[in-house]
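Asks: Top line first, the protein sequences correspond to chains A and B. Using the working numbering, the letters of the first sequence map in sequence onto residues 14 to 351. Using the working numbering, the letters of the second sequence map in sequence onto residues 45 to 553.
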Amino acid sequence: MTETSLGQATEKRDIVRGSDGAMKRLLGMREMGLLCIILLVCVVMSLASPYFLTWSNFRTIFLSFSVEGIVVIGMTMLLIVGGLDLSVGAVVCFAMVVAGKLFLLGINPWLASAGGVASAAAIGAAMGVFVVKVGLSHFIASLAAMVIVRGACLLVTQGTPLSLFTLPPEFKFVGQGSIGGVPLVVIIFLVLAVVFDFLLRRATRFRAIFYTGSNERAAEYSGIRTKRVIFWVTVLCSTLAGLSGVIFMARFGSATPQFGVGMELNVIAAAVIGGASLKGGQGSIFGAVLGVALLSLVTSSLILLDVSVYLQDMIKGFILLAAVSFDHLMSKRAGREG
Amino acid sequence: MPSLLELEGIAKRFGPVAALQDVSFDLRAGEIHALAGENGAGKSTTMRIVDGIIQPDAGQIRIDGKPVRIRSPLEAQALGIGFVHQEIALCPDVSVAENIFMAATAASRAPLMNFAGMERKARAALAELTDVDPGAKVGSLSISNQQLVEIAKALALDARILILDEPTSALTEAETRKLFAIVHRLKAKGLGIIHITHRMAEIFDHCDRVTVFRDGRYIDCLQVDGTTPEQVVNRMVGRTISKLYPPKLNRAAGRPLIEVEGLCDTHLLDDISFTLREGEILGIGGLIGAGRSELAKAVCGLGPRRAGRIRLDGQDVSIPDFATALDHGVVYVSEDRKAEGLFLDLSIRSNVSALRLGQVSTRLGLIDRSAEEAQAQRLGKKLRLKAASMANPPSVLSGGNQQKVALARMFSVNPRVVFLDEPTRGVDVGAKSEIHIILRDLARSGVGVIVISSELPELIGLADRILVLHEGRLSGEIGPDRMTEEAIIALASGLKPPVAAQKLEGTEQ
Numbered sequence: 014m015t016e017t018s019l020g021q022a023t024e025k026r027d028i029v030r031g032s033d034g035a036m037k038r039l040l041g042m043r044e045m046g047l048l049c050i051i052l053l054v055c056v057v058m059s060l061a062s063p064y065f066l067t068w069s070n071f072r073t074i075f076l077s078f079s080v081e082g083i084v085v086i087g088m089t090m091l092l093i094v095g096g097l098d099l100s101v102g103a104v105v106c107f108a109m110v111v112a113g114k115l116f117l118l119g120i121n122p123w124l125a126s127a128g129g130v131a132s133a134a135a136i137g138a139a140m141g142v143f144v145v146k147v148g149l150s151h152f153i154a155s156l157a158a159m160v161i162v163r164g165a166c167l168l169v170t171q172g173t174p175l176s177l178f179t180l181p182p183e184f185k186f187v188g189q190g191s192i193g194g195v196p197l198v199v200i201i202f203l204v205l206a207v208v209f210d211f212l213l214r215r216a217t218r219f220r221a222i223f224y225t226g227s228n229e230r231a232a233e234y235s236g237i238r239t240k241r242v243i244f245w246v247t248v249l250c251s252t253l254a255g256l257s258g259v260i261f262m263a264r265f266g267s268a269t270p271q272f273g274v275g276m277e278l279n280v281i282a283a284a285v286i287g288g289a290s291l292k293g294g295q296g297s298i299f300g301a302v303l304g305v306a307l308l309s310l311v312t313s314s315l316i317l318l319d320v321s322v323y324l325q326d327m328i329k330g331f332i333l334l335a336a337v338s339f340d341h342l343m344s345k346r347a348g349r350e351g
Numbered sequence: 045m046p047s048l049l050e051l052e053g054i055a056k057r058f059g060p061v062a063a064l065q066d067v068s069f070d071l072r073a074g075e076i077h078a079l080a081g082e083n084g085a086g087k088s089t090t091m092r093i094v095d096g097i098i099q100p101d102a103g104q105i106r107i108d109g110k111p112v113r114i115r116s117p118l119e120a121q122a123l124g125i126g127f128v129h130q131e132i133a134l135c136p137d138v139s140v141a142e143n144i145f146m147a148a149t150a151a152s153r154a155p156l157m158n159f160a161g162m163e164r165k166a167r168a169a170l171a172e173l174t175d176v177d178p179g180a181k182v183g184s185l186s187i188s189n190q191q192l193v194e195i196a197k198a199l200a201l202d203a204r205i206l207i208l209d210e211p212t213s214a215l216t217e218a219e220t221r222k223l224f225a226i227v228h229r230l231k232a233k234g235l236g237i238i239h240i241t242h243r244m245a246e247i248f249d250h251c252d253r254v255t256v257f258r259d260g261r262y263i264d265c266l267q268v269d270g271t272t273p274e275q276v277v278n279r280m281v282g283r284t285i286s287k288l289y290p291p292k293l294n295r296a297a298g299r300p301l302i303e304v305e306g307l308c309d310t311h312l313l314d315d316i317s318f319t320l321r322e323g324e325i326l327g328i329g330g331l332i333g334a335g336r337s338e339l340a341k342a343v344c345g346l347g348p349r350r351a352g353r354i355r356l357d358g359q360d361v362s363i364p365d366f367a368t369a370l371d372h373g374v375v376y377v378s379e380d381r382k383a384e385g386l387f388l389d390l391s392i393r394s395n396v397s398a399l400r401l402g403q404v405s406t407r408l409g410l411i412d413r414s415a416e417e418a419q420a421q422r423l424g425k426k427l428r429l430k431a432a433s434m435a436n437p438p439s440v441l442s443g444g445n446q447q448k449v450a451l452a453r454m455f456s457v458n459p460r461v462v463f464l465d466e467p468t469r470g471v472d473v474g475a476k477s478e479i480h481i482i483l484r485d486l487a488r489s490g491v492g493v494i495v496i497s498s499e500l501p502e503l504i505g506l507a508d509r510i511l512v513l514h515e516g517r518l519s520g521e522i523g524p525d526r527m528t529e530e531a532i533i534a535l536a537s538g539l540k541p542p543v544a545a546q547k548l549e550g551t552e553q
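(1) Is B:H129 close to chain A? Criterion is C-beta to C-beta, closer than 8 Å.
(2) Between B:P111, B:G492, B:L118, which lies nearest to B:R355 when the distance is taken from Cα to Cα?
(3) For A:E44, return the contacting residues in chain B, with the cut-off set at a CB-CB distance below 7 Å.
(4) Taking Cβ-Cβ distances below 7 Å as the criterion, which residues of the segment 305 to 323 of chain A are in contact with chain B?
(5) Which residue comes first and which comes last in the alpha helix (DSSP H) that contains B:K87?
(6) Counting Cβ pairs, one atom from each stretch, are 3 or more of them under 8 Å apart for the segment 291 to 301 of chain A and the segment 62 to 78 of chain A?
(7) Are the C-beta atoms of A:S11 and some chain B residue less than 8 Å apart?
(8) I'd like the ranges of any alpha helix (DSSP H) spanning at least 4 consecutive residues and lying wholly in the segment 394 to 479 of chain B.
(9) Based on the DSSP output, what are the partners of B:E521 in its beta bridges?
(10) Start and end of the alpha helix (DSSP H) containing A:A189?
(11) Taking beta-carbon pairs under 7 Å, can you tell me which members of the segment 202 to 225 of chain A lie near chain B?
(12) Under 8 Å, do B:M280 and B:A80 count as touching if we go by C-beta distance?
(13) Which chain A residues sit within Cβ distance under 8 Å of B:Q121?
(14) Expressed to the nearest angstrom, what Euclidean distance is found between the alpha-carbon atoms of B:I325 and B:V375?
(15) Measure the alpha-carbon distance for B:F463 versus B:A487 and round it to whole angstroms.
(16) Whose C-beta lies closer than 6 Å to the C-beta of A:V85 among residues of the same chain, with five residues either side of it excluded?
(17) For B:H77, write down the residues that DSSP places opposite it in a beta bridge.
(18) Between A:R230 and chain B, is there a C-beta pair that is closer than 8 Å?
(19) Find the residues of chain A that neighbour B:L134, judging by a C-beta separation of less than 7 Å, and give them in chain order.
(20) Could you tell me the boundaries of the beta strand (DSSP E) in which B:P300 lies?
(21) Using beta carbons (cut-off 8 Å, strictly below), is B:L64 in contact with chain A?
(22) Taking a Cβ distance cut-off of 7 Å, strictly less, list which residues of the segment 145 to 174 of chain B are near chain A, in chain order.
(23) Among all the DSSP beta bridges, which residues are the ones paired with B:F127?
(24) Apart from the five residues just before and just after B:P178, which ones in its own chain have a Cβ nearer than 6 Å to its Cβ?
(25) Which same chain residues end up closer than 6 Å to A:M14 when comparing Cβ atoms and leaving out the 5 residues on each side of it in sequence?
(26) Can you tell me whether A:C166 is buried or exposed, with buried defined as 16 or more other CB within 10 angstroms of its CB?
(27) What residue range does the beta strand (DSSP E) around B:V138 cover?
(28) Leaving out five residues on either side along the sequence, give the residues of the same chain with a beta carbon under 6 Å from the beta carbon of A:L315.
(29) List the residues of chain A whose Cβ lies closer than 7 Å to the Cβ of B:V138, in chain order.
(30) Going straight from the alpha carbon of B:E221 to that of B:I240, what length do you get?
(31) Checking the sheet assignment: what are the DSSP bridge partners for B:E50?
(32) Which term fits B:S498, buried or exposed, when burial requires 16 or more other beta carbons within 10 angstroms of its beta carbon?
(33) In the segment 161 to 191 of chain A, which residues sit with their C-beta less than 7 Å from some C-beta in chain B, listed in chain order?
(34) Beta-carbon within less than 6 Å of B:T212's beta-carbon, same chain only, minus the 5 sequence neighbours each way: which residues are those?
(35) Measuring straight from C-alpha to C-alpha, what distance separates B:P501 and B:E246?
(36) Does any residue of chain A have a CB that is nearer than 8 Å to the CB of B:P117?
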């Protein structure tokens with residue numbers, strides 16, 4: 014008698030059973046809520062504007078977030094491991110500028126692009142060393158990297174855009190071409206998103222990212238080399254930013270030293286709307302993709318509705334605030350009931 | 045038969061401090077070996093060396109008689125060492141199953157996770173311990189269930205040597221009993237179990253041998269049979285402790301200092317009324333999760349409060365937040381020094397002055413360093429705080445001295461009523477009795493003292509009257525004549541409500 018009542022007080026809270034629990038988990042997923050909001054915006058917009066439900070509009074929306082979306086993939090993984098990268102905008106630009114400069118020096122555009130991506134990876138590695146070996150926070154290391162790399166972009170280009178109209182058509186195809194009416198950049202983005210979402214959910218190596226971000230000490234005591242995990246995710250985030258940079262170059266046929274200013278905030282916002290936590294341990298690529306999609310959808314809807322450009326940033330900021338506050342309040346309530 | 049695990053001549057320095065000197069230890073297969081000692085005696089440091097978290101400066105570790113070097117927790121696991129950490133080391137954002145098999149995942153060559161298989165195995169591993177869903181996120185579990193997951197995690201490694209670092213500190217009585225049933229089963233299977241604990245009852249009920257450390261040195265290894273608890277305690281403290289608790293109030297308690305009536309919060313506390321009288325120490329008991337801390341916090345304006353009246357010295361007061369509570373001289377001292385109690389990285393004097401900075405500020409609103417230093421020195425001396433300098437952070441102090449910093453801060457505001465939540469948790473035996481004397485003196489000086497404790501002997505030894513909570517309600521009150529552990533446990537688990545109700549009505553008049 015004594016024994017059962019002693020146990021019950023603490024146990025009944027924690028029991029969620031069987032298939033009921035699985036169903037509840039699915040419905041409770043943040044991605045579901047985001048999908049609903051996106052559908053809601055689509056329904057409202059299709060009533061509000063005759064141009065909304067057109068193929069060309071959707072193509073434009075997808076095009077607008079796909080290349081940036083590649084950066085969001087890396088940022089999400091970095092946030093999950095407990096890091097942060099403020100330098101992604103500058104790194105995107107740097108990869109673009111380095112690849113452009115190499116091309117102008119007469120190097121094959123594919124090799125030049127590889128050079129651009131490699132230089133981005135090197136920046137990530139440098140940040141990773143400062144974080145893991147020196148012990149700086151990601152915030153500080155990447156803030157410094159942002160300023161330094163942006164300066165390097167200006168130095169390489171001497172402050173003027175590189176004109177790359179001589180890029181061969183098969184290279185421009187990466188940024189500008191379509192397969193079956195679907196832009197190639199959208200395909201690249203979706204493939205990367207699916208691959209990394211799968212890896213993050215199912216691959217043994219990638220689970221260490223969650224463990225490290227959730228409780229680094231616990232992960233370490235379980236035999237995970239957490240420093241190494243943090244280092245490689247930092248490199249991966251910069252590398253994906255570099256990849257995005259050279260795709261941007263193929264798309265625009267130019268490389269401007271001011272490209273991507275402020276991109277890091279958009280990217281972090283998208284990942285956070287998608288469920289990533291700045292404290293680490295939480296987030297998914299699928300959610301982040303929905304987050305970036307929602308932000309683009311809203312922007313293009315505001316354009317269709319003729320809302321002043323000056324208002325658009327404010328509205329995006331409020332969406333971020335609302336999404337994160339809502340989630341926070343919900344999880345607080347769940348914590349109390351659950 | 046060679047020992048399963050042997051340590052010989054282990055030494056470890058942290059900077060100028062010699063944490064361990066010439067430490068020896070041996071563990072046989074099929075025994076439960078208690079490792080006892082005050083905080084700072086070197087128990088945890090030694091076990092961290094065995095687990096490969098830190099490296100010894102000198103000495104040898106042998107497993108099955110063969111010398112080994114353990115450079116990481118991973119290598120320790122490969123040698124069959126499982127470690128249940130005192131502070132929960134789990135990932136709150138991932139599932140119970142993933143936490144249990146995290147080490148297996150880290151070492152796994154399989155490219156993909158097998159969640160279904162993992163959950164099935166986790167269910168089996170947990171079956172004997174608790175009833176939680178292996179798919180639930182660890183962060184959503186109660187602390188005691190998290191502790192059980194931690195134990196399941198260590199067991200899942202097929203360990204031959206299992207180290208339990210104060211595993212019962214967050215468990216209820218029933219869970220503790222379940223845990224020891226499992227530990228005995230593992231012993232029968234031939235595992236060697238090292239049980240780090242302060243609790244004499246656990247040593248004498250469950251262990252075969254006990255090794256005592258003091259001040260980073262090996263003191264003695266005793267067969268539990270034929271040894272008395274006093275002998276163990278005396279070796280732990282290095283002197284004879286004759287009386288554990290200061291004498292209680294020997295007169296009738298005075299006028300009411302604080303009266304709480306019909307207190308409810310938003311989710312747990314339900315209609316709680318009590319009175320604290322001048323001169324007495326009021327104890328609050330109950331199981332973890334019964335609402336003890338919530339009650340103290342609700343009165344002090346630190347938690348939500350839906351209904352209820354509070355009277356101080358017979359006057360109705362409203363305490364919407366802790367700042368107001370401090371203005372009234374009502375202070376809460378947290379059970380969790382790290383998370384809620386102290387600024388571990390600031391100086392001791394900043395910690396002491398924090399509740400009322402005005403006391404150590406100049407007229408211009410700037411902090412007067414020398415006044416702050418003088419305050420810390422004065423209170424530190426009063427409480428016999430052992431610290432090299434008041435400019436040092438509390439993080440370098442022992443648990444007992446950290447708690448004294450928290451008490452010094454409480455004294456800084458000249459309190460009228462204090463709520464102390466587990467005031468001797470993580471505090472060694474010597475400092476513990478000092479703190480008990482401090483609290484008794486405080487009560488005698490006319491300050492209201494309310495002590496929350498999970499340790500039944502402490503409640504009984506210290507309090508003049510004990511209130512017991514059960515699931516957010518007052519299940520009863522125990523006067524000085526009826527104080528037994530059985531009485532507290534019965535009320536804490538919700539038995540005997542009618543008797544308790546009568547008794548309560550009587551005191552409210």
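All C-beta atoms, glycine included, are put in the ideal place defined by N, C-alpha and C.
Replies: So, from the listed chains and residues:
(1) Under the Cβ criterion of 8 Å, B:H129 is counted among the residues facing chain A.
(2) The shortest C-alpha separation from B:R355 is found at B:G492.
(3) Those within 7 Å of A:E44 in chain B number zero; the least Cβ separation is about 16 Å.
(4) From the segment 305 to 323 of chain A, no residue has a Cβ closer than 7 Å to chain B.
(5) In the DSSP annotation of this structure, the continuous segment of the alpha helix (DSSP H) that includes B:K87 starts and ends at 87 to 94.
(6) Output reads no: the segment 62 to 78 of chain A does not touch the segment 291 to 301 of chain A.
(7) Nothing about residue 11 of chain A can be reported from this structure: the residues present for chain A run from 14 to 351 only.
(8) Fully enclosed alpha helix (DSSP H) runs of 4 or longer: 413 to 426, 443 to 455.
(9) Looking at the DSSP assignment, B:E521 forms a beta bridge with B:L511.
(10) Here the sequence assigns Gln to residue 189 of chain A, which means Ala is not the residue at that position. Counting along the chain, the alpha helix (DSSP H) containing A:Q189 begins and ends at 182 to 189.
(11) Under the 7 Å Cβ criterion, the segment 202 to 225 of chain A contributes R215, A216, T217, R220, A221, F223, Y224.
(12) A distance below 8 Å separates the beta carbons of B:M280 and B:A80.
(13) Those within 8 Å of B:Q121 in chain A are G236.
(14) So the two alpha carbons sit approximately 15 Å from each other.
(15) Each residue's Cα considered, the two are about 12 Å apart.
(16) Cβ neighbours of A:V85 beyond the five flanking positions: V280, A283, A284, A301, V305.
(17) In the DSSP output, where bridge partners are listed per residue, B:H77 has B:I238, B:R253.
(18) Chain B contact via Cβ: present.
(19) Listed along the chain, the chain A residues whose CB falls inside 7 Å of the CB of B:L134 are N228, A231.
(20) Unbroken beta strand (DSSP E) run through B:P300: 300 to 308.
(21) Cβ-Cβ to chain A under 8 Å: no for B:L64.
(22) Residues passing the 7 Å Cβ filter: M146, A147, T149, A150, A151, S152, A154, P155, L156, M157, T174.
(23) Paired residue(s): B:I207.
(24) Cβ neighbours of B:P178 beyond the five flanking positions: V140, A141, E163, A166, R167.
(25) Because the pLDDT at A:M14 is just 36, under 50, the model does not fix this residue reliably, and the value given afterwards should be weighed accordingly. No residues qualify anywhere along the chain.
(26) Residue environment analysis places A:C166 among the buried positions, since at least 16 neighbouring C-beta atoms fall within 10 angstroms of its C-beta.
(27) Note, B:V138: premise wrong, no beta strand (DSSP E); not H, not E.
(28) Q325, listed in sequence order.
(29) Simply F223, Y224, S227.
(30) The displayed chain sequence assigns Arg, not Glu, to residue 221 of chain B. For B:R221 and B:I240, the distance between alpha carbons rounds to 16 Å.
(31) B:D70, B:R106, per the DSSP bridge assignment.
(32) Around the beta carbon of B:S498, 16 or more other beta carbons lie within 10 angstroms, which makes this residue buried.
(33) Residues: none.
(34) T220, listed in sequence order.
(35) Each residue's Cα considered, the two are about 14 Å apart.
(36) B:P117 counts as touching chain A.
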